[in-house]
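Q: Straight run, no breaks: the sequence shown in this note's numbering ends on number 414.
Here a beta-carbon is modelled for each residue, glycine too, at the ideal position from N, C-alpha and C.
Questions regarding the structure given below will be posed in turn.
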Amino acid sequence: MNRKIVTIGGFLSFFLFGFVDNMKGPTIPAVIADLNLRYVAGGTLPLMAYFGFVSATLATGPLSDLAGKKSVLIGAGVCLLLGVSGYGFLGSFLLLALSMFVLGLGLGAIEVGGNGLIVDLYQAKRGKYLNLLAFFHGLGSMTAPLYAGKLLASDISWRWVYRGSLFLIVLLPLFFLFIRYPHKRTESGGLDLRGVGKAAFTRVMVLYYVLIAVYVGAEIGIGTWMVEFLKVEKSYSIFLASAFLSLFFGLMTVGRLLGSFVVDRIGYLKSMLIATAAALVAIILGTFGSPALGFFIPIVGLFFSIMFPNVTAAVSDMHVANRGTILGILFTSAGIGGMAVPWLVGLWSDIGGLLFGFSGIAFFCLVMLVLVAILTRMHGEGNQVATTGVA
Numbered sequence: 024m025n026r027k028i029v030t031i032g033g034f035l036s037f038f039l040f041g042f043v044d045n046m047k048g049p050t051i052p053a054v055i056a057d058l059n060l061r062y063v064a065g066g067t068l069p070l071m072a073y074f075g076f077v078s079a080t081l082a083t084g085p086l087s088d089l090a091g092k093k094s095v096l097i098g099a100g101v102c103l104l105l106g107v108s109g110y111g112f113l114g115s116f117l118l119l120a121l122s123m124f125v126l127g128l129g130l131g132a133i134e135v136g137g138n139g140l141i142v143d144l145y146q147a148k149r150g151k152y153l154n155l156l157a158f159f160h161g162l163g164s165m166t167a168p169l170y171a172g173k174l175l176a177s178d179i180s181w182r183w184v185y186r187g188s189l190f191l192i193v194l195l196p197l198f199f200l201f202i203r204y205p206h207k208r209t210e211s212g213g214l215d216l217r218g219v220g221k222a223a224f225t226r227v228m229v230l231y232y233v234l235i236a237v238y239v240g241a242e243i244g245i246g247t248w249m250v251e252f253l254k255v256e257k258s259y260s261i262f263l264a265s266a267f268l269s270l271f272f273g274l275m276t277v278g279r280l281l282g283s284f285v286v287d288r289i290g291y292l293k294s295m296l297i298a299t300a301a302a303l304v305a306i307i308l309g310t311f312g313s314p315a316l317g318f319f320i321p322i323v324g325l326f327f328s329i330m331f332p333n334v335t336a337a338v339s340d341m342h343v344a345n346r347g348t349i350l351g352i353l354f355t356s357a358g359i360g361g362m363a364v365p366w367l368v369g370l371w372s373d374i375g376g377l378l379f380g381f382s383g384i385a386f387f388c389l390v391m392l393v394l395v396a397i398l399t400r401m402h403g404e405g406n407q408v409a410t411t412g413v414a
């Protein structure tokens, strides 16, 4: 096995993850207008994607321990092809929602398979390589709004935004079909359900599950609703609003690249504590300030950048046996947050206006700050968290 080639496959999977997942934000206004939907209905489409994400992470966690990461990533590519094809070609709202569910299955499988791949390949400097993996997710996330925004600004249908991405998505299943990556059950100790129950539901782990759910919810909430918020509440053009969404993911990408060199030195928890405090200040300024301060919203991406890989690294260091299954539970929690928050923002926007709905992101950032502070107090700083609270 050539570790570099397999690593490239992991990076490719996360680039596609970010790219496909973040075509939603720029296209949601066009879908709402095209199908004459309310905000809560528009929020239902990403809700279905994350319902699929949750279902996949819950199922593919044990599957990755039993059948291996290669099988999971091939299945992920097939689901992405089916989901994106359906969303780009089918007509009714129900069929679009079903397509989003299948697309979400593919995203969830990438989450488990891609992270598990890197965790298997790199025992040392795991935080560095997980941040690099997240960097490629950010690169795809940054590229998607630029791609979608340019097409939409040229009066090209949102359906063609999705259809055009199929040529890129097909690379994922083809890549893993033709590389050799043997599955070794002994690396994670197989699947021990009693061991999973004992290790996965401690007080510490529950706090990590809630933290990642709230974080992912806030990130996806911004990714889904930023364009509409800037367009309606700050009077930005669709192109400028989409460019700001790209800037959000661009800064997240830069932050993950920089984070790959510093998080192992600063410590997972200390770096997250600093980042969440800064993100809270930025989202408050961008949401409630004048239109000129709207640029603070994409700046949140810089501070959000290290959150997901740091939580993944901390939990990975805490567990060796049944690691794939436990990571599956962690990512299922992430999917629940990603599923609930964009829908809640849409619901609250219908109730109290878009400013009221989008301001919920600031509330979730505050919750993140409190949770990281509790974990920091429980475990101290840095990587020593990996040695506590497991039993």
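1. Using CA atoms only, rank isn't needed, just tell me which of GLY273, LEU350, GLY106 is closest to LEU86.
2. Using only the alpha-carbon positions, how far apart do LYS254 and ILE55 sit?
3. Counting only the same chain and skipping the five closest in sequence on each side, list residues whose C-beta sits under 7 Å from that of VAL95.
4. Compute the beta-carbon to beta-carbon distance between PHE76 and GLY361, rounded to the nearest angstrom, for a pair I have assumed lies under 8 Å.
5. Tell me the rounded alpha-carbon separation between PRO314 and SER258.
6. Let me know the secondary structure DSSP gives THR276 once reduced to three states.
7. Hey, would you say SER164 sits closer than 8 Å to PHE272, going by beta carbons?
8. Check this for me: beta carbons of ILE320 and PHE267, under 8 Å apart or not?
9. Would you kindly work out how many angstroms separate the C-alpha atoms of SER382 and LEU394, rounded to a whole number?
10. To which residues of the same chain is GLY244 closer than 6 Å at the C-beta, ignoring the five residues directly before and after it?
11. Give the C-beta separation of GLY150 and TYR291 to the nearest angstrom, bearing in mind that I take them to be a contact with Cβ-Cβ under 8 Å.
12. Hey, is the stretch 31-49 in contact with the stretch 165-179, meaning 3+ C-beta pairs nearer than 8 Å?
13. Does DSSP put LYS428 in a helix, in a strand, or in coil?
14. With a 10 Å radius around its C-beta and 16 neighbouring C-beta atoms as the bar for buried, classify PHE34 as buried or exposed.
15. Please report the distance separating the alpha-carbon of PHE252 from that of PHE311.
A: Once the coordinates are examined:
1. Residue 86 sits at position 63 when you count from the first residue of the sequence shown. The residue from GLY273, LEU350, GLY106 with its alpha-carbon nearest to that of LEU86 is LEU350.
2. The residue you call residue 254 lines up with position 231 of the sequence shown. The residue you call residue 55 lines up with position 32 of the sequence shown. Cα-Cα distance, rounded: 14 Å.
3. Locating residue 95 in the sequence shown gives position 72, where the first residue counts as 1. Residues THR83, LEU86, SER87, ALA132, VAL135, GLY136 of the same chain have their beta carbon placed closer than 7 Å to that of VAL95, with the five preceding and five following residues left out of the count.
4. As a first step, residue 76 is located in the sequence shown; it is residue number 53 there, counting from the start. As a first step, residue 361 is located in the sequence shown; it is residue number 338 there, counting from the start. Yes, they are in contact, since the Cβ atoms of PHE76 and GLY361 sit about 6 Å apart, within 8 Å.
5. By 1-based counting over the sequence shown, the position of residue 314 is 291. By 1-based counting over the sequence shown, the position of residue 258 is 235. Between PRO314 and SER258, the C-alpha separation is close to 8 Å.
6. In the sequence shown, residue 276 corresponds to position 253, counting from 1. Of the three classes helix, strand and coil, the one that applies to THR276 here is helix, per DSSP.
7. Within the sequence shown, residue 164 is the residue found at index 141, counting from 1. Within the sequence shown, residue 272 is the residue found at index 249, counting from 1. A Cβ-Cβ contact shorter than 8 Å links SER164 with PHE272.
8. Residue 320 sits at position 297 when you count from the first residue of the sequence shown. Residue 267 sits at position 244 when you count from the first residue of the sequence shown. A contact, by the Cβ cut-off of 8 Å.
9. Mapped onto the sequence shown, residue 382 falls at position 359. Mapped onto the sequence shown, residue 394 falls at position 371. Roughly 19 Å separates the two Cα atoms.
10. For the purposes of this step, residue 244 is taken as residue 221 along the sequence shown, with counting starting at 1. Answer for GLY244: VAL364, PRO365, VAL368, ILE384, listed in chain order.
11. On the sequence shown, residue 150 is found 127 positions in, with the first residue counted as 1. On the sequence shown, residue 291 is found 268 positions in, with the first residue counted as 1. That pair is a contact at about 7 Å.
12. The stretch 31-49, when compared against the stretch 165-179, does touch it at the 8 Å Cβ threshold.
13. Because the chain is modelled from 24 through 414, residue 428 falls outside the range shown and cannot be assessed.
14. Within the sequence shown, residue 34 is the residue found at index 11, counting from 1. The residue is buried, with at least 16 neighbouring Cβ atoms inside 10 Å.
15. Mapped onto the sequence shown, residue 252 falls at position 229. Mapped onto the sequence shown, residue 311 falls at position 288. Counting only the Cα atoms, PHE311 lies some 12 Å from PHE252.
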